[in-house]
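Residue numbers (the numbering used here): 27 to 210.
Beta carbons: idealized from backbone N, C-alpha and C, even for Gly.
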């Protein structure tokens with residue numbers, strides 16, 4: 027698809043600073059990489075650009091998506107944590123700075139920040155999105171994930187980026203069964 031008319035045309039997207047970008051510094055959250063300029067975009071960044079997204083900037087990550095927390099604060103209450111290593115992506119969406127963001131998850135760094143910041147987070151199946159150009163902490167566990175204000179928005183973003191439709195099956199509430207397990 028032509029980027030100007032692609033499925034994500036004009037959508038501003040934040041990119042976790044663990045992904046290479048050819049036109050923005052990539053520090054991986056670490057002072058030892060301050061000012062580093064990769065020669066090429068990470069695969070997911072290239073996919074976003076090819077789908078028409080406008081890369082608005084980098085979002086804060088913990089150092090190497092693992093060590094030392096970043097400066098990100100929870101936009102709902104600065105006294106509360108914004109979550110894990112993708113907290114900059116979740117907080118930027120929650121604060122209304124960008125409609126969508128890209129992050130990563132090794133153990134919970136998409137689902138926790140999404141929950142803590144009150145946005146939708148989606149951690150797709152392993153390697154649905156290539157990890158090339160991502161500074162991985164654990165090659166066999168790290169997965170690219172997405173953030174948006176709602177489940178519908180994150181589904182549209184993920185589908186536009188990957189070219190794979192994400193359609194939810196409608197369920198009637200009266201057909202659902204709820205169970206409660208008591209341990210005491």
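Sub-7 angstroms separation of residue i and residue j beta-carbons
| i | j | result |
| --- | --- | --- |
| residue 53 | residue 163 | no |
| residue 182 | residue 128 | no |
| residue 120 | residue 101 | yes |
| residue 184 | residue 173 | no |
| residue 122 | residue 46 | no |
| residue 44 | residue 161 | yes |
Per-residue DSSP class, three states only, for residue i
| i | result |
| --- | --- |
| residue 148 | strand |
| residue 114 | helix |
| residue 136 | coil |
| residue 142 | helix |
| residue 81 | strand |
| residue 128 | strand |
Rounded separation between residue i and residue j - CA only
| i | j | result |
| --- | --- | --- |
| residue 205 | residue 199 | 14 angstroms |
| residue 197 | residue 146 | 20 angstroms |
| residue 178 | residue 111 | 24 angstroms |
| residue 104 | residue 142 | 12 angstroms |
| residue 131 | residue 168 | 6 angstroms |
| residue 191 | residue 72 | 19 angstroms |
| residue 106 | residue 139 | 11 angstroms |
| residue 39 | residue 207 | 41 angstroms |
Test: residue i CB closer than 7 angstroms to a CB of chain B
| i | result |
| --- | --- |
| residue 119 | Annotation note: the requested chain B is absent from the structure, which comprises a single protein chain. |
Close-in-space but distant-in-sequence residues of the same chain around residue i (CB under 6 angstroms, 5 per side omitted)
| i | result |
| --- | --- |
| residue 98 | 86, 108, 113, 114 and 117 |
| residue 33 | 77 and 186 |
| residue 155 | 70 and 170 |
Close Cβ partners of residue i (< 7 angstroms) along its chain, the five nearest in sequence each way excluded
| i | result |
| --- | --- |
| residue 56 | 89 and 90 |
| residue 36 | 78 and 80 |
| residue 94 | 88 |
Let me know the beta strand (DSSP E) ranges lying completely inside the region 154 to 200, each 3 residues or longer, listed in chain order.
169 to 174
Going residue by residue through the region 46 to 78, where are the continuous alpha helix (DSSP H) segments of at least 4 residues, counting only ones entirely within it?
69 to 76
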